[in-house]
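Beneath this line is the structure, given in structure tokens, with notes to follow.
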Amino acid sequence: MAEPQLSATATRETEKLTSRKNFGSFISDFSRRYYWTEIVDPDLVDFIVPNFSTTTPVDTAVGCVMMMGTLKHYFDYMCCLTCGIPEVTVLGTKEDYEDILRRLDKFDEFGKETTVVAALLRPIIRELVEVFNVNSRDPNAAQNTDFWSRICHYKRMGSGPDSISGWVTAFYVWNNDGKWQGPNLNAFSKPISDEERLAAATSGGNRSHPLLFLDNARYPSIETAMIPNGFCEVDVVVDEFGAEYNCVMVAGHVGFTISGERNDTLQPSPQWFMFEKEEVQEKLNMFGF
């Protein structure tokens, strides 16, 4: 009979994957969190693993691995390293995001599509406001990690188109041609049923497009090929003392900056630039026309 398998998941942090300190703490956490569910006496872990005044993290890891080795005939072990965002820094002030929240009310005046966009953005902006509320009450308090873990879910489909879901899709509801690709406009205002919420809570990685609801808003899944550009461009003629140049101005989120002592911090980089369009020479065929 096969032995039961104990598995645990760890988030990979930049330049920490191969750190002995990181793996040591993971092993200790693995032993303390998962052994007690499988053994008769939950206190056995604390009884075996040293915890004296001179105990170091290395000593703790040694004790945990020795305990795992002692019980290896009864369990199989698996350690899964996954992706994740270790930390998020929200820039600006609470008043900035409250101002954005008020501006969303204007969207309701422009039609059904923008009304749906406002409904998708409000739960996101409220969570950003709540970051400052939580921090003002207790700077050490935990934030809403469930919200931040639902930014984006990428699904590779093999023979079909790859897709993403999560609340980031609120920013992708129009394609590059301005055509709507967001949630169904006619069904969006309908109340979310308990069946839909249950399906979203239990979908996990088994669905090609995991569902996401925030408040009463349904967030769409978007094919990766249909993710719109984060910038706009416009033709402009530059007249320099009588000499005219056909140019293009580009502005928007065109990249990101990398910072931090270990180059482990990414930040969107809005920029603008202008360039002269290359004159395309008309190609002649073999007959000269």
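Residues in the sequence shown are numbered consecutively from 1, following UniProt numbering.
Positions of the beta carbon are idealized from the N, C-alpha and C atoms, including for glycine.
None of the values given here were measured: they were computed from a predicted structure.
Report the three-state DSSP secondary structure of residue i (helix, strand or coil).
i      : result
Ser28  : helix
Val168 : helix
Tyr219 : strand
Val45  : helix
Asp76  : strand
Thr93  : coil
Thr224 : helix
Which residues bound the alpha helix (DSSP H) around residue i?
i      : result
Phe147 : Thr145 to Trp148
Gly63  : Pro57 to Thr70
Val117 : Lys112 to Arg137
Met104 : Looking at the sequence provided, one finds Leu at residue 104 rather than Met. Run containing Leu104: none; DSSP gives neither H nor E here.
Tell me the residue span of the beta strand (DSSP E) that contains residue i.
i      : result
Met274 : Thr265 to Glu276
Lys155 : His153 to Lys155
Val238 : Phe231 to Glu240
Ile258 : Ala243 to Ser259
Phe213 : Leu212 to Leu214
Tell me whether residue i is buried or exposed, calling it buried when 16 or more other Cβ atoms sit within 10 Å of its Cβ.
i      : result
Ser269 : exposed
Ala119 : buried
Val49  : buried
Arg122 : buried
Leu185 : exposed
His73  : exposed
Val173 : buried
Pro220 : buried
Pro183 : buried
Ser53  : exposed
Ile222 : buried
Ser163 : buried
Tell me which same chain residues have a C-beta within less than 8 Å of the C-beta of residue i, skipping the five on either side of it?
i      : result
Ile151 : Ile85, Gly166, Trp167 and Val168
Glu98  : Val129
Met226 : Tyr172, Asn175 and Gln181
If we ignore side chains and look at the alpha-carbon of each, how far apart do residue i and residue j end up?
i           : j      : result
residue 290 : Asn176 : With the chain running from 1 to 289 in the structure shown, residue 290 is simply not present.
Arg197      : Phe47  : 43 Å
Val250      : Gln271 : 8 Å
Pro228      : Leu44  : 55 Å
Trp148      : Glu127 : 9 Å
residue 291 : Val234 : Within the shown structure, residues of the chain are numbered from 1 to 289, placing residue 291 beyond reach of any answer.
Val116      : Asn135 : 30 Å
Glu276      : Phe241 : 16 Å
Asp108      : Ser189 : 13 Å
Asn144      : Ala170 : 19 Å
Val62       : Val90  : 39 Å
Asn140      : Asn133 : 12 Å
Val237      : Tyr245 : 6 Å
residue 303 : Asp41  : This structure gives no information on residue 303, because the portion of the chain shown stretches from 1 to 289.
residue 293 : Asp59  : Within the shown structure, residues of the chain are numbered from 1 to 289, placing residue 293 beyond reach of any answer.
Trp180      : Ala217 : 17 Å
Ile192      : Val254 : 36 Å
Asp105      : Lys112 : 13 Å
Phe102      : Ile124 : Correcting the residue type first, residue 102 is Arg in the shown sequence and not Phe. Whole-angstrom Cα-Cα distance: 13 Å.
Thr56       : Gly92  : 40 Å
Thr146      : Asp194 : Residue identity check: residue 146 is Asp in the sequence provided, not Thr. Each residue's alpha carbon lies about 20 Å from the other.
Can you give me the Cβ contacts of residue i inside the same chain, cut-off strictly under 7 Å, excluding the 5 residues immediately before and after it?
i      : result
Leu65  : Looking at the sequence provided, one finds Val at residue 65 rather than Leu. Around Val65: Ile27.
Lys94  : Val129 and Phe132
Leu212 : Arg150, Ser165, Gly166, Trp167, Ala200 and Tyr219
Which same chain residues end up closer than 6 Å to residue i when comparing Cβ atoms and leaving out the 5 residues on each side of it in sequence?
i      : result
Gly252 : Gly230, Phe231 and Cys232
Ile100 : Ile125
Can you find a CB in chain C that lies within less than 8 Å of the CB of residue i?
i      : result
Val129 : In the structure shown, chain C does not exist; there is a single protein chain.
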